[in-house]
Amino acid sequence: MDTTSEDTPPNGSFRTRLAVLRPRDHATLLLTPILVGLGLLEGATSGGAPADLFSAGLLLALAAVGGYRSYMAWRKPSSDFQAGRPEGNPAS
0 MDTTSEDTPP NGSFRTRLAV LRPRDHATLL LTPILVGLGL LEGATSGGAP ADLFSAGLLL
60 ALAAVGGYRS YMAWRKPSSD FQAGRPEGNP AS
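Under numbering that gives the first Met the number 0, think of the first position of the sequence shown as 0, with each following residue one higher.
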């Protein structure tokens with residue numbers, strides 16, 4: 000199975016790959032482990048209270064979404080999710 004240049008991440012150091020990420024992706028990379036830690040801590044100390052378990056699940060769900068977004072941004076750092084949209088009309 001051949002891999003094309005689209006499938007492989009660009010070569011470069013850690014700093015080079017961080018330099019091409021957008022600021023929102025930098026924030027997501029920083030917040031994901033924090034959300035995981037808070038979610039696990041909240042779940043472990045909840046004592047079975049439904050509200051605490053719900054908030055722990057919510058934190059872990061946000062961390063999962065953020066982790067996936069970070070992974071996709073890291074995998075293709077040069078891709079822009081709004082590249083195909085015209086500048087004047089954000090709804091198109």
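A virtual CB, placed ideally from N, CA and C, is assigned to each residue, including glycine. Quick caveat: nothing in here was measured; it's all calculated off a predicted structure.
Other residues of its chain near Gly65: CB distance less than 8 angstroms, five sequence neighbours each side excluded: To locate residue 65, count along the sequence shown from 1; it is residue 66. Contacts found: Thr27, Leu30, Thr31 and Leu34.
Backbone secondary structure at Arg84 - three-state DSSP: Numbered from its first residue, the sequence shown carries residue 84 at position 85. Residue placement at Arg84 is poorly supported in this model, since its pLDDT is 48, which falls under 50; the coordinates are not used for a value here.
Contact check, Leu37 vs Leu57, beta carbons under 7 angstroms: Here the question's residue 37 lines up with position 38 in the sequence shown. Here the question's residue 57 lines up with position 58 in the sequence shown. No, the pair does not count as a contact, with Cβ atoms beyond the cut-off.
Val35: first and last residue of the uninterrupted alpha helix (DSSP H) it sits in: On the sequence shown, residue 35 is found 36 positions in, with the first residue counted as 1. Segment Pro22 to Ala43, the alpha helix (DSSP H) holding Val35.
DSSP state of Ser69 mapped onto helix, strand, coil: Counted from its first residue, the sequence shown places residue 69 at position 70. Residue state, collapsed to three classes: helix.
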